[in-house]
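The opening position of the sequence shown corresponds to residue 2 in my numbering, with each subsequent residue numbered one higher. Ideal placement from N, C-alpha and C gives every residue a C-beta, glycine not left out. Below is one structure; the comments refer to it alone.
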Amino acid sequence: MEVFDRAERLSREELDAVQLVRLRSAVERARRSPHYARALAGVTPDSIRTLADVRRLPLTTKQDLRDNYPYGLLTEPVDRMVRLHASSGTTGNPTVIFYTQNDVDTWAGLMARCMHMAGVRPGDRFQNMSGYGLFTGGLGFHYGSERLGCLTIPAGAGNTARQIKLITDMGVTVLHIIPSYALYFAGALEQMGIDPADKARWPVRVAMIGAEPHTEEVRRKIEEMLHLRAFNSYGLSEMNGPGVAFECPHQCGMHVWEDAFLVEIVDPETLEPVPDGEVGEIVMTTLTREGMPILRYRTRDLSRFVPGPCACGRVHRRLDRIKGRADDMIIIKGVNIYPMQIEQVLMAMPEVGENYLIVLEKEGFIDQIRVKVEIRQEHFVEDMRVLSGLQKRIQTRLRDELLVTPRVDLVQSDSLPKSQGKAQRVLDERGEG
Ligand code: ADP
Ligand code: ZN
């Protein structure tokens, strides 16, 4: 196993030992912040004898971060901090995270480790198509790529024509791109007459995709359309940003860097740990962060540990593809639905194009779900019978998966709204009550 960092080679016993030592020092550090001085009550590093004792620590929620805005979780004076980022605020007000110089360095090391694991090497040319600014995806990947020794192109988000020109002119080999944009991007390449199979013009071989939930079907589509291998990347601002969990070449779950993060999977209702291998909410503790350690953060993200060892040899446990956020669950006619179930059905159908939108509506007192689906140009034919046949087929497959029958609208490709950052897949038009 070729590694970037020796930590990748640790055995289970070594990892457990590192985690225990670091968990105790995380508690020690956290106690210095006003928030944890209160929230930890009497819990001290000595209360942590085994890793299972993590459950003696208080949970931390996004609301705790908001209530302590801006400095209440800092363990040192603000003038010791060198960076701040804020979450994109997908589900409410942004929360702000501070980093010391050591925190920035550790994060860059974790990011470089991720990229290296995906096969990126010094000498690769890396185009970062993620938004820069307060969003962690920009600078997070940027510092990781420089640490690894790649030519780093901070292209930022948007302006597709300029992105493509940079890639072809500079001979870019590695991309960081949001999955919903990657789907759209493939269409734009086609329009510009660039064939991704032509490696002289399109030398890209690796894409790192993440920041938003997406299905295996979408990954495969991106890999085929762009002629590259796409690796799933998971992170959140509260845990630095990207660089928390990443896929290895076996692409079967994302290794969480357990020397830096302690992960629990809990039942979101009872907050009890779920049996190993079952889906629940990811709860994470920073093990190495100095400036703003966070204990047992409730991510609201749903996933599970992939059981068994990974063929790559790393024992850092793997998180399965994120099923969505607990807050994303839609309840229609008493049935629980996750947007990713809809995506999975749609993206497995060859007629379906790059984009879709789920609209929640009210009809009288009854909630309805409507799915607007972009259809590829060549299938968007004049013949009404063909189209209504396709519409029925999509509806039936969705009903089989969801157990409720959605309305289905077929629309032309490129007609649904595109977002610059993370895709907004659900539009709630049900109004109050
Ligand atoms: P916000 O919470 O405002 O979106 P962040 O930029 O911190 O702010 O986003 C982190 C969130 O993005 C995660 O909690 C998760 O919901 C989502 N996310 C990040 N990476 C992935 C991924 N690979 N798959 C699915 N969801 C992801
Ligand atoms: Zn692996």
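If contacts are defined as beta-carbon pairs under 8 angstroms, then residue i and residue j qualify, I think. What distance do you get, rounded to the angstrom?
| i | j | result |
| --- | --- | --- |
| Leu-361 | Ile-395 | About 18 angstroms separates the two Cβ atoms, so there is no contact after all. |
| Met-209 | Ala-119 | 6 angstroms |
| Val-427 | Ile-359 | 5 angstroms |
| Asp-260 | Leu-16 | 6 angstroms |
| Tyr-182 | Ile-323 | Tyr-182 to Ile-323, Cβ: 18 angstroms. No contact. |
| Ala-312 | His-251 | 5 angstroms |
| Leu-58 | Leu-296 | 5 angstroms |
| Asp-104 | Gly-292 | 5 angstroms |
| Glu-355 | Leu-184 | 4 angstroms |
| Arg-315 | Gly-278 | Rounded, the Cβ-Cβ distance is 18 angstroms, inconsistent with contact. |
Return the first residue and the last residue of the beta strand (DSSP E) that residue i is part of.
| i | result |
| --- | --- |
| His-177 | 175-178 |
| Leu-288 | Neither: Leu-288 is in no beta strand (DSSP E) and is coded neither H nor E. |
| Asp-302 | 298-304 |
| His-36 | Run containing His-36: none in the beta strand (DSSP E); it sits in the alpha helix (DSSP H), 35-40. |
| Arg-84 | 84-87 |
| Leu-411 | 408-413 |
| Ile-295 | Here Ile-295 belongs to no beta strand (DSSP E), and DSSP marks it neither H nor E. |
For residue i, which three-state DSSP category applies?
| i | result |
| --- | --- |
| Tyr-182 | helix |
| Arg-7 | helix |
| Gln-192 | helix |
| Met-255 | strand |
| Gly-390 | helix |
| Val-346 | helix |
| Gln-425 | coil |
| Phe-142 | helix |
| His-228 | coil |
| Glu-29 | helix |
| Val-280 | coil |
| Arg-220 | helix |
| Leu-135 | coil |
| Asp-125 | coil |
| Leu-14 | Inspection of the sequence shows that residue 14 is occupied by Glu rather than by Leu. Glu-14: helix per DSSP, three-state reduction. |
| Glu-147 | helix |
| Ile-395 | helix |
| Val-382 | coil |
| Glu-355 | strand |
| Leu-320 | strand |
| Thr-161 | helix |
| Ile-98 | strand |
| Ile-154 | strand |
| Thr-205 | Here the sequence assigns Val to residue 205, which means Thr is not the residue at that position. Val-205 falls in the coil class under three-state DSSP. |
| Thr-169 | helix |
| Val-22 | helix |
What are the residues that DSSP puts in a beta bridge with residue i?
| i | result |
| --- | --- |
| Ser-234 | Gly-211 and Phe-247 |
| Gly-242 | Leu-237 |
| Pro-274 | Val-267 |
| Lys-363 | Asp-368 |
| Arg-326 | Asp-302 |
Quick check on the DSSP output: the alpha helix (DSSP H) that includes residue i runs from which residue to which?
| i | result |
| --- | --- |
| Gln-369 | Note, Gln-369: premise wrong, no alpha helix (DSSP H); beta strand (DSSP E) at 367-376. |
| Gln-102 | 102-118 |
| Ile-333 | Run containing Ile-333: none in the alpha helix (DSSP H); it sits in the beta strand (DSSP E), 331-333. |
| Leu-404 | Neither: Leu-404 is in no alpha helix (DSSP H) and is coded neither H nor E. |
Taking the straight line between their C-alpha atoms, what separation do you get for residue i and residue j?
| i | j | result |
| --- | --- | --- |
| Ser-12 | Val-267 | 25 angstroms |
| Arg-318 | Phe-247 | 11 angstroms |
| Leu-391 | Val-175 | 37 angstroms |
| Ile-98 | Ile-367 | 41 angstroms |
| Leu-135 | Ser-88 | 7 angstroms |
| Ala-27 | Arg-148 | 26 angstroms |
| Leu-60 | Ala-327 | 16 angstroms |
| His-117 | His-86 | 24 angstroms |
| Gly-145 | Pro-123 | 11 angstroms |
| Glu-379 | Asp-329 | 33 angstroms |
| Leu-320 | Val-257 | 7 angstroms |
| Pro-274 | Arg-301 | 14 angstroms |
| Leu-403 | Met-385 | 26 angstroms |
| His-228 | Val-205 | 8 angstroms |
| Lys-334 | Thr-62 | 30 angstroms |
| Met-130 | Ile-178 | 5 angstroms |
| Val-307 | Met-2 | 20 angstroms |
| Leu-24 | Met-341 | 34 angstroms |
| Arg-230 | Lys-222 | 11 angstroms |
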